[in-house]
Amino acid sequence: MLTVTAPRQRAVKSGQGVCVVLDGDALHGLNVSLHKAGERLFAQVHSHPGRAYHSPMDDQYAVVTAAGGLSIVVPDFAVRPFSVGDCAIYRLTRSGKWTVMPKRRAEALIYVVKDQTP
Ligand SMILES: [Zn+2]
219 MLTVTAPRQR AVKSGQGVCV VLDGDALHGL NVSLHKAGER LFAQVHSHPG RAYHSPMDDQ
279 YAVVTAAGGL SIVVPDFAVR PFSVGDCAIY RLTRSGKWTV MPKRRAEALI YVVKDQTP
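Heads up: the sequence shown begins at 219 in the working numbering, then just goes up one per residue.
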């Protein structure tokens with residue numbers, strides 16, 4: 219089974235920019251729901267106000283923690299249509315480092331389909 223979820227988040231604005239934070243209870247709830255469904259978290263998606271990149275905060279506070287997991291950053295707060303190639307895609311290595319995934323590889327791995335539910 220594949221579930222897309224948006225855990226409860228708290229928006230933060232500071233002199234260093236903007237971000238969203240998942241508090242402990244939201245992370246706990248996410249992990250409980252994953253466990254009950256027999257699923258694992260393999261990708262996270264978020265957006266930046268401008269260009270797409272993995273910030274030091276993204277590296278340090280990623281929700282995905284499993285090696286091989288993906289972090290997808292969408293540019294321009296996703297206010298316009300975009301393709302996978304417009305995004306910055308990172309993969310978590312076994313040593314715990316986020317490494318950028320080449321665009322061609324990301325485009326071969328990830329495709330977006332339109333929701334077919336009525
Ligand atoms: Zn970010």
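Built from N, CA and C at the ideal position, the CB exists for glycine as well.
What you are looking at is a predicted structure, and each value in this text was computed from that prediction instead of being measured.
{"query": "Cβ-based burial, I258 [other Cβ within 10 Å; buried from 16]", "result": "According to the sequence shown, residue 258 is Arg rather than Ile. R258 is exposed by the Cβ-count criterion."}
{"query": "Whether A255 touches T221 by CB criterion (9 Å)", "result": "yes"}
{"query": "R322 versus R309: straight-line alpha-carbon distance, rounded", "result": "14 Å"}
{"query": "Boundaries (first-last residue) of the alpha helix (DSSP H) holding S251", "result": "G242 to A255"}
{"query": "Whole-number beta carbon distance between V302 and A324, since they are thought to touch under 8 Å", "result": "6 Å"}
{"query": "Inter-stretch contact at 8 Å, needing at least 3 Cβ pairs: the segment 261-276 / the segment 291-302", "result": "yes"}
{"query": "Beta strand (DSSP E) segment containing L220, residue limits", "result": "Note, L220: premise wrong, no beta strand (DSSP E); not H, not E."}
{"query": "Selected residue, minimal CA-CA separation from G287, among D333, S313, V330 and A244", "result": "S313"}
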